[in-house]
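Undergrad: Chains as they are written, first to last, in my numbering: chain D, 12 to 494; chain X, 8 to 371. Starting off with a structure, shown below.
Structure follows, in structure tokens:
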């Protein structure tokens with residue numbers, strides 16, 4: 012009896028040490044990544060390419076034309092702003108393909124009316140299998156603006172339809188609730204111009220909530236009032252300004268946000284386009300890595316910290332959990348589908364650094380966190396918790412998280428200083444720390460549940476809010492700008 | 008009985024945890040303070056820099072020959088960069104060159120020497136800034152220095168910046184050849200900037216009223232260069248077209264014909280289109296089996312008048328959607344004759360041609 016109790020005590024002690032170690036590894040990784048990103052970004056602080064200079068050098072036939080594909084399913088609230096912003100992009104040659112994925116609302120009608128679209132017989136090469144198209148429309152005022160109406164098949168299917176219809180060698184995917192900065196594509200396209208090995212590039216995605224949008228442009232960058240949105244801003248800053256910069260510099264960038272990314276079309280076709288999964292963005296990048304390594308193609312996947320695409324984040328808990336559920340399912344599915352890369356030195360740092368990072372920190376992170384919370388409660392119930400130690404440990408975890416948030420906000424200010432007022436930066440850093448009181452636990456539980464729902468391929472639908480709250484009836488149309 | 012370690016260890020752990028907490032509290036406070044200081048410092052630095060630029064811009068606008076002293080002194084790198092930025096703000100908008108006396112004053116200010124002292128900076132961002140300043144100073148003698156920097160610069164963005172600055176400093180037609188050789192010698196890195204660079208160089212020569220005859224000779228040499236990368240030749244052709252060097256068209260066509268490259272031929276057609284000129288090379292390639300050549304010819308046919316309308320009309324029946332689309336768009340731009348052709352094609356036996364004609368007419 013005594014011996015078995017002793018062994019239980021030892022097991023619990025080992026478990027405590029394990030939880031502590033995992034806590035240290037996860038937070039330590041984030042800290043390392045933040046410091047690494049700072050080390051890299053500070054080198055480029057003085058390099059501020061003048062837009063006129065960039066245009067003079069790049070507005071040429073050398074800039075590879077881009078097909079911008081916007082998959083839309085029931086996006087009547089936001090679609091006009093997204094497309095209006097896309098039509099104002101500063102880029103030598105591009106086409107915009109909006110793929111209406113069998114919307115049941117007025118998405119298609121709004122597009123047809125607003126952009127003065129007419130049906131046209133535009134055939135597509137069926138290079139990737141998709142659900143059938145019902146019709147193609149072209150704007151009479153802007154011949155580079157197209158709508159492809161198709162039967163519902165999901166986001167990946169809509170993107171594949173765009174891939175079949177696209178004419179240009181670069182493929183850019185943007186979400187239908189996002190606003191792209193006018194110069195973002197130019198700065199991204201520039202990377203493809205100067206780096207012949209680049210096969211995919213991701214741009215910085217920022218939170219639109221709280222910002223002032225006028226005439227489909229973000230005119231003032233401010234932090235929102237809601238704590239939930241501020242927490243997500245801190246998360247985005249950590250993820251983009253620290254995580255992706257560091258992973259990109261370390262040649263192990265495995266994800267390019269579905270909200271804004273550019274890919275080489277020939278390689279996308281070579282791997283069969285997007286796979287029908289809820290994490291199609293990560294899966295695509297992983298398969299591109301695999302394809303290039305397997306075929307001895309010299310390649311680079313890059314994150315460009317400056318270009319900006321603004322996107323709405325969920326403003327209610329239900330939508331947030333829905334989104335995180337989907338992200339986690341996508342992560343699990345992508346890693347499982349591409350498991351051959353894991354710890355495989357053949358795939359370089361993507362296999363030996365990137366994959367383990369995503370597996371242990373991002374995928375198993377919620378599981379470990381959940382076990383930590385449960386054990387905390389159990390130890391407390393069975394009176395096995397040293398209250399002083401527990402309290403101090405809890406304080407450390409909150410402070411460490413706060414440090415990470417503040418460091419990410421500082422990093423952002425150091426490089427881009429998008430937020431005009433210092434108050435907004437402080438607000439994000441402080442409110443972002445509330446993540447550790449309820450938010451993180453809730454998300455961890457949802458992600459844990461979703462890990463076991465990986466077979467669900469349902470995309471779900473988040474509540475959309477109007478990006479501008481403006482009546483579009485009298486909005487300046489793209490073809491009127493030049494007048 | 009408690010052993011010493013059993014008594015001390017828990018206290019040590021607690022102390023250690025408090026130390027960690029203190030570390031985080033202090034470092035968070037430091038980050039907060041640092042953030043505030045950085046933001047203030049940045050605002051102050053930017054306002055100072057702006058003030059310096061305005062002071063230099065004012066001095067430049069007041070500058071009179073023989074009064075070189077009115078230009079404020081250049082004390083450090085920031086001041087040299089501000090002087091460069093002021094020169095750019097003043098002269099880029101007006102698209103003119105600084106007068107010789109002003110250039111002399113800039114030369115005497117020692118700004119270039121000050122800037123060049125930072126050329127070997129470790130951070131590429133700083134090198135980028137230094138090269139920008141060198142280009143902004145607009146001193147023609149810096150051309151060779153910029154080319155020299157470009158030859159050894161490892162970072163692509165800084166290399167591009169060198170090309171930009173060097174192209175803006177071109178003062179003699181033969182320097183275009185130097186630029187051409189530079190990008191040919193660095194094929195690994197020079198992808199993409201060539202067309203912009205040639206255009207900037209031609210614009211710089213125009214500002215300096217260079218003799219176009221001399222320029223034509225240099226361009227001919229570049230185009231005939233056997234070892235040149237086709238990509239750079241293509242860029243040169245397109246730049247010549249966009250910069251409207253009309254006198255050079257026939258030469259360009261004959262050189263390109265002799266090289267027999269499809270991409271170069273397409274580029275020449277696009278260049279002719281940019282100049283608003285027609286050439287037999289365009290009508291020869293309408294209906295080409297190579298869709299790239301065919302589309303380039305159809306798109307360039309806008310300047311060829313009514314004779315080419317039937318040829319383009321025939322392309323509405325092409326099996327390639329992009330060819331049909333290009334033909335429809337071009338016909339809609341070819342005035343009354345183009346419109347009549349589209350009306351006629353609305354009754355075509357080919358359903359694709361009918362559809363495309365109807366679309367082009369609906370666009371008007």
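Backbone N, C-alpha and C define an ideal beta-carbon position, used for all residues, glycine too.
Which one of 77(D), 236(D), 188(D), 258(D) has the shortest CA to CA distance from residue 196(D)?
TA: Comparing Cα-Cα distances from residue 196(D) to each of 77(D), 236(D), 188(D), 258(D), the minimum goes to 77(D).
Undergrad: Would residue 319(D) pass as an interface residue toward chain X - the criterion being a Cβ-Cβ separation below 8 Å?
TA: False, the Cβ-Cβ gap to chain X never drops below 8 Å.
Undergrad: Mind pulling the chain X residues with CB within less than 8 Å of residue 72(D)?
TA: Here the neighbours are 202, 241, 242, 245, 274, 277.
Undergrad: Here's a check: name, in chain order, each residue in its chain whose Cβ is nearer than 6 Å to the Cβ of residue 492(D), leaving out the five neighbours to either side.
TA: Any answer about residue 492(D) is weak, because its pLDDT of 41 lies below 50 and its placement is not dependable; what the coordinates show is given next. There are no such residues.
Undergrad: Can you give me the C-alpha to C-alpha distance between residue 281(D) and residue 356(D), rounded to a whole angstrom?
TA: Those two C-alpha atoms are separated by around 23 Å.
Undergrad: Mind checking which residues open and close the alpha helix (DSSP H) that includes residue 311(D)?
TA: No alpha helix (DSSP H) holds residue 311(D); the beta strand (DSSP E) holding it covers 311 to 322.
Undergrad: Looking at the unbroken alpha helix (DSSP H) that takes in residue 211(D), where does it start and where does it end?
TA: Element bounds for residue 211(D): not the alpha helix (DSSP H) but the beta strand (DSSP E), 209 to 218.
Undergrad: When every heavy atom of the ligand MG is checked, does at least one fall within less than 7 Å of the C-beta of residue 74(D)?
TA: Summarising the ligand content, the structure contains no ligands, and the ligand MG is consequently not present.
Undergrad: Here's the rule I'm using: 16 or more other beta-carbon atoms within 10 Å means buried, otherwise exposed. How should residue 336(D) be labelled?
TA: Buried: at least 16 other Cβ atoms inside 10 Å.
Undergrad: Of all the alpha helix (DSSP H) runs that stay within the bounds of the region 140 to 195 of chain D, which reach a length of 4 or more residues?
TA: For the region 140 to 195 of chain D, whole alpha helix (DSSP H) runs of length 4 or above, ordered along the chain, are 166 to 176.
Undergrad: Thinking residue 212(D) and residue 199(D) are a contact (beta carbons under 8 Å), I'd like their distance in whole angstroms, please.
TA: At roughly 5 Å, the Cβ-Cβ gap stays under 8 Å, so residue 212(D) and residue 199(D) are in contact.
Undergrad: Would you give the residue range spanned by the alpha helix (DSSP H) that residue 248(X) belongs to?
TA: Note, residue 248(X): alpha helix (DSSP H), 237 to 249.
Undergrad: Can you tell me whether DSSP reads residue 79(X) as helix, strand or coil?
TA: DSSP places residue 79(X) in coil when its eight states are reduced to three.
Undergrad: Could you tell me the distance, in whole angstroms, from the CA atom of residue 274(D) to the CA atom of residue 71(X)?
TA: Looking at the two C-alpha atoms, the distance is approximately 54 Å.
Undergrad: Can you check whether the C-beta of residue 129(D) is within less than 8 Å of a C-beta belonging to chain X?
TA: Chain X contact via Cβ: present.
Undergrad: How long is the line joining the alpha carbons of residue 242(D) and residue 446(D), rounded to whole angstroms?
TA: C-alpha separation (whole angstroms): 6 Å.
Undergrad: Would residue 20(X) pass as an interface residue toward chain D - the criterion being a Cβ-Cβ separation below 8 Å?
TA: Answer yes: the Cβ-Cβ gap between residue 20(X) and chain D drops below 8 Å somewhere.
Undergrad: Quick one: grab the DSSP three-state call for residue 494(D).
TA: Reliability of the predicted coordinates at residue 494(D) is poor, the pLDDT of 34 falling under 50, and the value obtained from them is presented with this limitation in mind. Here residue 494(D) sits in coil by DSSP.
Undergrad: Which residue comes first and which comes last in the beta strand (DSSP E) that contains residue 78(D)?
TA: That run of the beta strand (DSSP E) goes 77 to 83.
Undergrad: Indicate the three-state DSSP secondary structure (helix, strand or coil) for residue 74(D) in the structure shown.
TA: Coil, per DSSP.
Undergrad: I'd like to know if residue 45(X) contacts chain D, where contact means its C-beta is closer than 8 Å to some C-beta of that chain.
TA: Chain D contact via Cβ: present.
Undergrad: Does the region 400 to 410 of chain D come close enough to the region 419 to 434 of chain D to have 3 or more Cβ pairs within less than 8 Å?
TA: Too few Cβ pairs lie closer than 8 Å, so no.
Undergrad: What does a CB cutoff of less than 8 Å around residue 75(D) pick up in its chain, not counting 5 residues either side in sequence?
TA: For residue 75(D), where only same-chain residues beyond five positions count, the Cβ hits under 8 Å are 179, 180, 181, 200, 203, 204.
Undergrad: Between the beta-carbon of residue 352(D) and the beta-carbon of residue 300(D), is there less than 8 Å?
TA: Yes, the Cβ-Cβ distance between residue 352(D) and residue 300(D) is below 8 Å.
Undergrad: Considering just the uninterrupted stretch of the alpha helix (DSSP H) at residue 391(D), what are its terminal residues?
TA: It spans 376 to 392 - the alpha helix (DSSP H) in which residue 391(D) sits, taken as one unbroken run.
Undergrad: Just the chain X side, please: which residues come within less than 7 Å of residue 108(D) by C-beta, in chain order?
TA: None at all; the shortest Cβ gap to chain X is about 14 Å.
Undergrad: If you reduce the DSSP assignment to three classes, tell me which class residue 252(D) lands in.
TA: Residue 252(D) falls in the helix class under three-state DSSP.
Undergrad: Which value, in whole angstroms, describes the spacing of the CA atoms of residue 338(X) and residue 348(X)?
TA: Approximately 8 Å, taken between the alpha carbons.
Undergrad: Of all the beta strand (DSSP E) runs that stay within the bounds of the region 224 to 296 of chain D, which reach a length of 3 or more residues?
TA: Complete beta strand (DSSP E) runs here, min 3: 228 to 231, 271 to 275.
Undergrad: Flag residue 157(D) as yes if its beta-carbon sits less than 8 Å from any beta-carbon of chain X, otherwise no.
TA: No, residue 157(D) lies away from the interface with chain X (no Cβ there is under 8 Å from its Cβ).
Undergrad: When the Cα atoms are used, what is the spatial distance from residue 191(D) to residue 181(X)?
TA: Roughly 43 Å separates the two Cα atoms.
Undergrad: Looking at chain D, is there any beta carbon in it that lies within less than 8 Å of the beta carbon of residue 163(X)?
TA: Answer yes: the Cβ-Cβ gap between residue 163(X) and chain D drops below 8 Å somewhere.
Undergrad: Give the interface partners of residue 42(D) over in chain X, defined as CB-CB distance under 8 Å, in chain order.
TA: The contacting residues do not exist; residue 42(D) stays about 11 Å from chain X at best.
Undergrad: For residue 558(D), does the count of other Cβ atoms within 10 angstroms reach 16, so buried, or fall short, so exposed?
TA: Here chain D has residues from 12 to 494 only, and residue 558(D) is not among them.
Undergrad: Starting from the C-beta of residue 67(X), find all residues in its chain whose C-beta is less than 8 Å away, skip the five residues before and the five after it, and write them out in chain order.
TA: These residues qualify, in order along the chain: 78, 93, 94, 97, 105, 109.
Undergrad: Just to confirm before moving on: does the CB-CB distance between residue 313(D) and residue 259(D) stay below 8 Å?
TA: Yes, the pair counts as a contact, with Cβ atoms nearer than the cut-off.
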